[in-house]
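These notes are about the structure you will find just below.
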Amino acid sequence: IELTAPYLHNGSIKTLREVLEFYNKRDLEPERWGVTDYPETVNHDDLGNLGLTDEEITHLLDFLHAFTDDSLSKKKTTFPTHPKYTPSTESIRLNFPDHTHRLDPNFETK
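As numbered in our numbering, residues 222 to 331 make up the sequence shown, in order.
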């Protein structure tokens, strides 16, 4: 997990600590994270205001780092790289006007 940055579906978060901070304070610091493409799909009941302390976040990071297999990095293996850019929702809408996200509230099945 530790070696697979950037994180989230769009690569918008650079560190694992930021991922935890995002889910911990997303609803309390919305200006830090930006606007979501589909606000109606955001889980406000379970995430976004967890109330974790910095110490608890550090403990979670230690736990997540335990899932990193250091044997590959010691062998100097080249890991696949992430794409330099990922398509934004706006570019998808511009270039593929008929594309419909499955969670789009305006989606109609035919």
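The beta-carbon is built from N, C-alpha and C at its ideal position, and this holds for glycine as well. This structure is a prediction, so every number in the text was calculated from the model and none was measured.
Exclusion of the five residues before and after arginine 238 leaves Ile278 and Leu282 as the residues of its chain whose Cβ lies within less than 8 Å of its Cβ.
If only uninterrupted alpha helix (DSSP H) runs of at least 4 residues are considered, those enclosed by the region 244-293 are 251-254 and 275-286. Alanine 287 and leucine 241 have their C-alpha atoms roughly 16 Å apart. Here leucine 273 has Asn245 as same chain residues with Cβ atoms under 6 Å from its own Cβ, once five neighbours each way along the sequence are excluded. Going by C-alpha positions, asparagine 316 is about 21 Å away from serine 233. With a 10 Å radius around the Cβ and a threshold of 16 neighbouring Cβ atoms, arginine 253 comes out exposed. Taking 8 Å as the cut-off, the Cβ atoms of histidine 265 and aspartate 248 count as close. Beyond the five residues adjoining it in sequence on each side, tyrosine 228 comes within less than 6 Å, by CB distance, of Ile234 and Val240 in the same chain, given in chain order.
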